Amino acid sequence: MLRTRPAPRLAAVLAAGTLALTGCAEAGVSAADLYKVGCPALDAVAAGGSVAGKVALAGLEKLRDSGQVTGDSKQWLEVAISYLNDPAQVPAESRTLIRNGCKANGYELTNF
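Residues 787 to 898 (my numbering) make up the sequence shown, in order.
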């Protein structure tokens with residue numbers, strides 16, 4: 787029996803979800819949608835999923851540039867983009883912001 791690793795499957799699901807979110811950026815995306823896509827992508831990158839991270843980064847940057855995310859969600863989005871660009875450069879305080887934002891929106895990070 788051929789077994790597949792969960793990370794590549796997760797990366798494929800995240801890529802599809804992020805592409806869908808990117809297409810909806812102009813149509814109005816809620817903060818819940820932001821976390822629904824961003825948190826799994828961040829978790830996948832923390833587990834070594836670089837493909838998912840690149841796709842998620844493109845989608846989150848497009849969402850940021852749409853101007854539809856404001857307040858705490860915008861701050862979280864900026865930190866998430868920084869993490870996806872270079873995880874090693876994100877300080878502990880910013881990682882805590884990511885964890886807390888995901889947790890507050892129903893997503894518990896497992897690889898972060």
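Using N, Cα and C, we set each Cβ at its ideal position, and we do this for glycine too.
As the structure is a prediction and not an experimental result, all values here were calculated from the model.
Check: Would you mind sorting residue 892 into buried or exposed? The rule is 16 or more other CB atoms within 10 Å of its CB.; Outcome: exposed
Check: For residue 820, tell me which candidate among 895, 863 and 897 has the shortest Cα-Cα distance.; Outcome: 863
Check: Roughly how many angstroms separate the alpha carbons of residue 851 and residue 825, rounded to a whole number?; Outcome: 19 Å
Check: Looking at the unbroken alpha helix (DSSP H) that takes in residue 896, where does it start and where does it end?; Outcome: Taken as a continuous stretch (DSSP letters only), residue 896 belongs to no alpha helix (DSSP H), as it is neither H nor E.
Check: Could you tell me whether the Cβ atoms of residue 870 and residue 839 are closer together than 8 Å?; Outcome: yes
Check: By DSSP, does residue 877 sit in helix, in strand, or in coil?; Outcome: coil
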